[in-house]
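> First, the structure itself, so that you have it in front of you.
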Amino acid sequence: MPTELWTIPSATVNEIDMEAFDSFTRARSGHPEGGTRPGTDEDLRDASVCVEVDGILRPTFYGLTVFGRGPQRYSGTLSLFVQCARYAGLDRAARPISVGEAKGRLEDQIDRAMGWFRSLGRREEYHGILREDIPLMPEWVLREALVNAVVHRDYAERGSKILLEVFSDRIEVSSPGTLPHDITVAQAIGGGAPQPRNEMMANAMVVQGRMRGRGRGWPLMRKEMREFNGTEPELINEVAGRYVRVRFLTPLGKEAGSSR
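Every letter in the sequence shown is one number past the one before it in the numbering used here, and letter 21, counting from 1, is 497.
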(Lines of atoms letter the chains of each structure in order from A and count residues from 1; the text may use other names and numbers.)
(Lines give C-alpha, C1' and ligand atoms only; values in the text may rest on other atoms or scores of the structure.)
Protein backbone atom coordinates (compact mmCIF):
# COMPACT_ATOMS: atom_id res chain seq x y z
CA MET A 1 0.00 0.00 0.00
CA PRO A 2 1.37 3.47 -0.86
CA THR A 3 2.39 5.52 2.16
CA GLU A 4 -0.10 8.19 1.06
CA LEU A 5 -2.90 5.77 1.96
CA TRP A 6 -1.66 4.99 5.46
CA THR A 7 -4.14 6.16 8.06
CA ILE A 8 -3.72 8.12 11.27
CA PRO A 9 -5.36 5.88 13.94
CA SER A 10 -6.29 8.72 16.32
CA ALA A 11 -7.58 11.14 13.65
CA THR A 12 -11.21 11.34 12.52
CA VAL A 13 -13.01 12.78 9.52
CA ASN A 14 -13.51 15.99 11.52
CA GLU A 15 -9.82 16.71 10.96
CA ILE A 16 -10.52 17.32 7.26
CA ASP A 17 -11.23 20.92 6.27
CA MET A 18 -14.22 20.39 3.99
CA GLU A 19 -14.01 23.92 2.58
CA ALA A 20 -10.46 23.20 1.42
CA PHE A 21 -11.55 19.84 -0.03
CA ASP A 22 -14.54 21.38 -1.85
CA SER A 23 -12.36 24.20 -3.23
CA PHE A 24 -9.86 21.63 -4.50
CA THR A 25 -12.63 19.54 -6.06
CA ARG A 26 -13.97 22.60 -7.91
CA ALA A 27 -10.50 23.54 -9.14
CA ARG A 28 -9.87 20.00 -10.36
CA SER A 29 -13.21 19.92 -12.19
CA GLY A 30 -12.42 23.19 -13.94
CA HIS A 31 -15.14 25.14 -12.11
CA PRO A 32 -13.26 27.06 -9.40
CA GLU A 33 -16.20 29.41 -8.74
CA GLY A 34 -18.73 26.69 -8.06
CA GLY A 35 -20.81 24.10 -9.85
CA THR A 36 -20.20 21.09 -7.58
CA ARG A 37 -22.14 19.98 -4.53
CA PRO A 38 -20.51 20.01 -1.06
CA GLY A 39 -18.34 17.00 -0.40
CA THR A 40 -19.73 13.96 1.38
CA ASP A 41 -18.16 11.04 3.25
CA GLU A 42 -18.45 9.04 0.03
CA ASP A 43 -16.53 11.74 -1.84
CA LEU A 44 -13.80 11.63 0.79
CA ARG A 45 -13.51 7.87 0.37
CA ASP A 46 -13.55 8.07 -3.43
CA ALA A 47 -10.77 10.69 -3.35
CA SER A 48 -8.68 8.63 -0.88
CA VAL A 49 -8.80 11.54 1.57
CA CYS A 50 -10.20 9.11 4.13
CA VAL A 51 -10.58 5.34 4.35
CA GLU A 52 -12.90 3.33 6.55
CA VAL A 53 -11.21 1.46 9.39
CA ASP A 54 -13.45 -0.71 11.60
CA GLY A 55 -16.46 1.32 10.51
CA ILE A 56 -14.85 4.70 11.21
CA LEU A 57 -13.54 7.12 8.60
CA ARG A 58 -9.86 7.90 9.20
CA PRO A 59 -7.82 10.47 7.27
CA THR A 60 -5.02 9.14 5.12
CA PHE A 61 -1.56 10.74 5.05
CA TYR A 62 -2.64 12.30 1.77
CA GLY A 63 -5.87 13.65 3.22
CA LEU A 64 -4.21 14.98 6.36
CA THR A 65 -1.29 16.71 4.64
CA VAL A 66 -3.36 18.28 1.86
CA PHE A 67 -6.68 19.03 3.62
CA GLY A 68 -6.04 18.58 7.35
CA ARG A 69 -6.79 21.31 9.90
CA GLY A 70 -3.69 20.56 11.97
CA PRO A 71 -1.51 17.91 10.29
CA GLN A 72 1.25 18.00 12.93
CA ARG A 73 -0.85 17.36 16.04
CA TYR A 74 -0.78 13.56 15.97
CA SER A 75 1.96 11.29 17.31
CA GLY A 76 2.70 9.85 13.88
CA THR A 77 2.84 13.21 12.12
CA LEU A 78 4.77 15.47 14.51
CA SER A 79 7.75 15.76 12.15
CA LEU A 80 5.81 16.55 8.98
CA PHE A 81 7.12 20.09 8.53
CA VAL A 82 10.04 22.13 7.23
CA GLN A 83 12.72 23.06 9.75
CA CYS A 84 14.55 26.24 8.76
CA ALA A 85 17.96 27.44 9.93
CA ARG A 86 20.56 29.97 8.90
CA TYR A 87 24.14 29.52 10.15
CA ALA A 88 26.97 32.02 10.47
CA GLY A 89 29.47 29.64 8.85
CA LEU A 90 30.00 26.71 6.53
CA ASP A 91 28.32 23.93 8.53
CA ARG A 92 25.99 23.16 11.44
CA ALA A 93 28.79 23.68 13.95
CA ALA A 94 28.56 27.40 13.23
CA ARG A 95 26.36 29.71 15.29
CA PRO A 96 22.69 29.68 14.25
CA ILE A 97 21.59 33.16 13.19
CA SER A 98 17.91 32.46 12.53
CA VAL A 99 15.70 29.41 13.00
CA GLY A 100 12.08 28.67 12.21
CA GLU A 101 9.49 25.96 11.65
CA ALA A 102 7.11 25.89 8.68
CA LYS A 103 4.09 23.81 9.66
CA GLY A 104 0.55 23.23 8.41
CA ARG A 105 -0.69 21.62 5.21
CA LEU A 106 1.73 21.13 2.33
CA GLU A 107 0.86 24.50 0.82
CA ASP A 108 1.33 26.18 4.23
CA GLN A 109 4.72 24.56 4.71
CA ILE A 110 5.91 25.92 1.38
CA ASP A 111 4.53 29.42 1.96
CA ARG A 112 5.81 29.69 5.53
CA ALA A 113 9.26 28.39 4.62
CA MET A 114 9.42 30.99 1.85
CA GLY A 115 8.29 33.68 4.29
CA TRP A 116 11.12 32.70 6.65
CA PHE A 117 13.59 32.81 3.76
CA ARG A 118 12.47 36.31 2.76
CA SER A 119 13.04 37.48 6.33
CA LEU A 120 16.76 36.82 5.85
CA GLY A 121 16.96 39.87 3.60
CA ARG A 122 19.18 40.46 0.58
CA ARG A 123 22.84 41.10 -0.01
CA GLU A 124 24.15 44.43 -1.22
CA GLU A 125 26.38 45.04 -4.22
CA TYR A 126 27.75 48.44 -5.18
CA HIS A 127 28.44 49.58 -8.72
CA GLY A 128 30.19 52.89 -8.20
CA ILE A 129 27.82 54.87 -6.00
CA LEU A 130 24.81 52.78 -6.98
CA ARG A 131 23.62 50.04 -4.65
CA GLU A 132 21.85 46.93 -5.88
CA ASP A 133 19.94 44.59 -3.57
CA ILE A 134 20.30 41.01 -4.75
CA PRO A 135 18.42 38.01 -3.31
CA LEU A 136 20.40 35.10 -1.96
CA MET A 137 18.90 33.07 -4.80
CA PRO A 138 15.86 33.28 -7.09
CA GLU A 139 12.77 32.76 -4.97
CA TRP A 140 10.86 30.62 -7.44
CA VAL A 141 13.81 28.22 -7.70
CA LEU A 142 13.81 27.70 -3.94
CA ARG A 143 10.03 27.35 -3.97
CA GLU A 144 10.34 24.64 -6.65
CA ALA A 145 12.86 22.79 -4.49
CA LEU A 146 10.53 23.01 -1.47
CA VAL A 147 7.55 21.78 -3.51
CA ASN A 148 9.62 18.80 -4.64
CA ALA A 149 10.69 18.15 -1.04
CA VAL A 150 7.19 18.05 0.46
CA VAL A 151 5.77 16.05 -2.45
CA HIS A 152 8.53 13.49 -2.87
CA ARG A 153 9.65 12.98 0.72
CA ASP A 154 9.37 9.46 2.12
CA TYR A 155 6.59 9.74 4.70
CA ALA A 156 7.53 6.30 6.03
CA GLU A 157 10.65 7.90 7.53
CA ARG A 158 9.03 8.82 10.83
CA GLY A 159 10.72 11.46 12.97
CA SER A 160 12.58 13.05 10.04
CA LYS A 161 11.93 16.61 8.91
CA ILE A 162 12.53 18.48 5.71
CA LEU A 163 15.45 20.86 6.25
CA LEU A 164 15.93 24.29 4.69
CA GLU A 165 19.45 25.36 5.66
CA VAL A 166 21.30 28.53 4.70
CA PHE A 167 25.07 28.51 5.13
CA SER A 168 27.59 31.21 4.25
CA ASP A 169 28.40 29.58 0.91
CA ARG A 170 25.27 27.62 -0.05
CA ILE A 171 21.58 26.90 0.51
CA GLU A 172 20.38 23.31 0.94
CA VAL A 173 16.98 21.63 0.97
CA SER A 174 17.08 18.10 2.39
CA SER A 175 14.17 15.67 2.22
CA PRO A 176 13.80 12.31 4.05
CA GLY A 177 14.17 9.23 1.87
CA THR A 178 16.05 8.45 -1.31
CA LEU A 179 15.05 8.96 -4.94
CA PRO A 180 12.00 6.75 -5.64
CA HIS A 181 11.49 4.01 -8.20
CA ASP A 182 15.23 3.55 -8.90
CA ILE A 183 15.40 6.97 -10.56
CA THR A 184 19.01 8.06 -11.02
CA VAL A 185 20.37 11.52 -10.25
CA ALA A 186 21.03 12.05 -13.98
CA GLN A 187 17.43 11.19 -14.84
CA ALA A 188 16.07 13.48 -12.13
CA ILE A 189 18.07 16.57 -13.08
CA GLY A 190 17.48 15.90 -16.79
CA GLY A 191 13.73 16.01 -16.22
CA GLY A 192 13.13 12.60 -17.75
CA ALA A 193 10.51 10.04 -16.72
CA PRO A 194 9.10 11.77 -13.63
CA GLN A 195 7.76 9.18 -11.18
CA PRO A 196 6.62 10.81 -7.95
CA ARG A 197 6.65 8.73 -4.80
CA ASN A 198 3.41 10.37 -3.67
CA GLU A 199 1.27 10.61 -6.80
CA MET A 200 -1.83 12.10 -5.17
CA MET A 201 0.15 14.78 -3.34
CA ALA A 202 1.88 15.67 -6.60
CA ASN A 203 -1.45 15.93 -8.40
CA ALA A 204 -2.79 18.16 -5.62
CA MET A 205 0.14 20.53 -6.03
CA VAL A 206 -0.46 20.65 -9.80
CA VAL A 207 -4.16 21.42 -9.30
CA GLN A 208 -3.29 24.15 -6.81
CA GLY A 209 -0.87 25.66 -9.31
CA ARG A 210 2.15 25.09 -7.08
CA MET A 211 3.91 22.45 -9.17
CA ARG A 212 5.13 22.93 -12.71
CA GLY A 213 4.46 20.49 -15.50
CA ARG A 214 5.96 17.13 -14.71
CA GLY A 215 9.62 16.91 -15.65
CA ARG A 216 10.10 20.67 -16.21
CA GLY A 217 11.14 21.69 -12.70
CA TRP A 218 14.79 20.65 -12.76
CA PRO A 219 15.62 21.90 -16.26
CA LEU A 220 14.08 25.27 -15.39
CA MET A 221 15.90 25.47 -12.04
CA ARG A 222 19.20 24.73 -13.75
CA LYS A 223 18.59 27.38 -16.39
CA GLU A 224 17.60 30.00 -13.83
CA MET A 225 20.62 29.36 -11.58
CA ARG A 226 23.00 29.53 -14.55
CA GLU A 227 21.54 32.91 -15.46
CA PHE A 228 21.51 34.09 -11.83
CA ASN A 229 25.09 33.30 -10.80
CA GLY A 230 26.58 30.88 -13.32
CA THR A 231 26.18 27.78 -11.16
CA GLU A 232 24.26 24.52 -11.40
CA PRO A 233 22.11 23.17 -8.56
CA GLU A 234 23.44 19.88 -7.25
CA LEU A 235 21.27 16.86 -6.44
CA ILE A 236 22.63 14.42 -3.86
CA ASN A 237 20.98 11.04 -3.32
CA GLU A 238 22.41 9.76 -0.02
CA VAL A 239 21.38 6.11 0.16
CA ALA A 240 23.16 5.34 3.44
CA GLY A 241 21.81 8.40 5.23
CA ARG A 242 18.42 8.09 3.51
CA TYR A 243 17.96 11.63 2.32
CA VAL A 244 17.84 13.61 -0.91
CA ARG A 245 19.54 17.00 -0.85
CA VAL A 246 19.43 19.87 -3.32
CA ARG A 247 22.34 22.31 -3.03
CA PHE A 248 22.50 25.85 -4.43
CA LEU A 249 25.76 27.80 -4.31
CA THR A 250 25.68 31.41 -3.19
CA PRO A 251 28.42 33.94 -4.13
CA LEU A 252 30.99 32.72 -1.59
CA GLY A 253 30.43 29.14 -2.64
CA LYS A 254 30.70 30.07 -6.29
CA GLU A 255 34.03 31.86 -5.78
CA ALA A 256 35.63 29.37 -3.41
CA GLY A 257 34.02 26.18 -4.63
CA SER A 258 32.10 23.89 -2.30
CA SER A 259 33.62 20.65 -1.07
CA ARG A 260 30.51 19.61 0.87
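Note that the Cβ used here is the ideal one computed from N, Cα and C, for glycine as well.
Once DSSP output is grouped into helix, strand and coil, what is the label at Thr488?
Coil, per DSSP.
> Please report the residue range of the beta strand (DSSP E) in which Leu582 lies.
Element bounds for Leu582: not the beta strand (DSSP E) but the alpha helix (DSSP H), Leu582 to Arg594.
> Buried or exposed for Arg646, going by 16 or more other Cβ atoms inside 10 Å?
Buried, by the Cβ-count rule.
> Assuming Arg549 contacts Val642 under a Cβ cut-off of 8 Å, what Cβ separation, rounded to an integer in Å, is found between them?
Their Cβ separation, rounded to whole angstroms, is 28 Å, which puts Arg549 and Val642 out of contact at 8 Å.
> Would Pro652 and Glu633 be called neighbours here (beta carbons separated by less than 8 Å)?
Yes; because the gap between Cβ atoms is below 8 Å, this pair is in contact.
> Would you say the beta carbon of Val527 is closer than 7 Å to some non-hydrogen atom of the ligand NAP?
The model depicted lacks the ligand NAP and carries no ligand whatsoever.
> The alpha helix (DSSP H) spanning Leu499 covers which residue range?
Just to set this straight, residue 499 is Ser in the shown sequence, not Leu. That run of the alpha helix (DSSP H) goes Met494 to Ser505.
> If I'm right that Val649 touches Val722 with Cβ under 8 Å, what's the distance once you round it to whole angstroms?
Going by Cβ atoms, the distance from Val649 to Val722 rounds to 5 Å, so yes, they are a contact pair.
> Flag this pair as yes or no: are the beta carbons of Leu556 and Pro547 separated by less than 8 Å?
Yes, these two residues count as a Cβ contact at 8 Å.
> Are there 16 or more other CB atoms within 10 angstroms of the CB of Ile610, so buried, or fewer, so exposed?
Classification for Ile610: exposed.
> Indicate the three-state DSSP secondary structure (helix, strand or coil) for Ser734 in the structure shown.
Low confidence applies here, because Ser734 scores a pLDDT of 47, under 50, leaving its location unreliable and the question unanswered by this model.
> Pull up the CB-CB distance for Val623 and Ile586, whole angstroms please, since I reckon it's below 8 Å.
Sure, about 6 Å apart at Cβ, within 8 Å.
> Using a threshold of 8 Å, state whether the C-beta atoms of Glu491 and Gly544 are closer than that.
A contact, by the Cβ cut-off of 8 Å.
> Using C-beta distances below 6 Å, list every residue in its chain close to Ile712, excluding the 5 sequence neighbours before and after it, in chain order.
Cβ within range, chain order: Arg721.
> How would you call Leu725, buried or exposed, if buried means at least 16 neighbouring beta carbons within 10 angstroms?
Buried, since its Cβ has 16 or more Cβ neighbours within 10 Å.
> Among Ala487, Ser505, Trp694 and Ser551, whose alpha-carbon lies nearest the alpha-carbon of Asn679?
It is Ser505 whose Cα lies nearest to the Cα of Asn679.
> Exposed or buried, what is Ala570 when buried is set at 16 or more other beta-carbons lying within 10 Å of its beta-carbon?
With fewer than 16 other Cβ atoms within 10 Å, it is exposed.
> Find the nearest neighbour of Gly552 within the set Ile484, Arg598, Asp530 and Gly531, judged by alpha-carbon distance.
For the residues Ile484, Arg598, Asp530 and Gly531, the minimum Cα distance to Gly552 belongs to Ile484.
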